[in-house]
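Taking the numbering used here, the leading residue of the sequence shown gets 1190, the next gets one more, and so forth. For reference, the structure is listed below as structure tokens.
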Amino acid sequence: MRLVHEPADGDARTLATDVERADSLLQKVKGLMGKSSLPEGYALVFDFGRTSYRDVHMLFVRTPLDVVWLRDEEVVQVKTLRPWRGTGVAKADRFVELPGGAAAGVEAGDRVYLDGE
């Protein structure tokens, strides 16, 4: 499974090939807490099944993250969060956490989806 970015006006590219899902409540609460680094090509996907305000905090996360909030595969917000202090929120049904800088060029209105889902 891979995470693909399809810009509104360009060619699709792979954002991540090492994709994990936070399926359980415990996985969603823990997220990437305690991680001091992430491998290149890594993504953690949080699916919620319905649209609501989804917040992300960086408490106990020791590496910068790019977070992409999605609604029906459409990007609604992209934000780089700083370790320990960053927060973000957007109305979405899914969000993805990536290593800091991995979502460069991803913008609201683009499409991000899991290929092989």
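Note that CB positions come from ideal geometry on N, CA and C, so glycine has one too. None of these values were measured; they are calculated from a predicted model.
By how many angstroms is the C-alpha of residue j removed from the C-alpha of residue i?
| i | j | result |
| --- | --- | --- |
| S1213 | K1224 | 19 Å |
| F1249 | Q1266 | 23 Å |
| V1193 | T1276 | 24 Å |
| P1253 | K1219 | 16 Å |
| E1263 | V1301 | 6 Å |
| T1203 | D1304 | 9 Å |
| M1222 | L1270 | 13 Å |
Would you please state the rounded distance, in angstroms, between the beta carbons of residue i and residue j? I believe it to be under 8 Å.
| i | j | result |
| --- | --- | --- |
| P1272 | L1227 | Actually they do not touch by this definition, with Cβ atoms about 12 Å apart. |
| P1196 | D1282 | Contact flag wrong, Cβ pair sits at about 21 Å. |
| K1280 | S1241 | 7 Å |
| A1292 | V1257 | 5 Å |
Pick helix, strand or coil for residue i, following the three-state DSSP scheme.
| i | result |
| --- | --- |
| V1250 | coil |
| V1278 | strand |
| L1215 | helix |
| A1201 | coil |
Just tell me which of the options has its CA closest to the CA of residue i.
| i | options | result |
| --- | --- | --- |
| R1191 | M1247, K1217, A1281 and Y1231 | Y1231 |
| V1247 | V1264, R1260, D1261 and K1268 | Note that residue 1247 corresponds to Met in the displayed sequence, not to Val. The residue with the shortest Cα to Cα distance from M1247 is K1268. |
| E1296 | T1240, R1239 and D1255 | D1255 |
| F1284 | E1229, D1244 and A1291 | D1244 |
| R1239 | R1260, M1222 and E1229 | R1260 |
| E1306 | G1199, D1200, D1198 and T1206 | T1206 |
Segment contact flag, the segment 1202-1211 with the segment 1233-1243, C-beta cutoff 8 Å, min 3 pairs: Yes, they touch.
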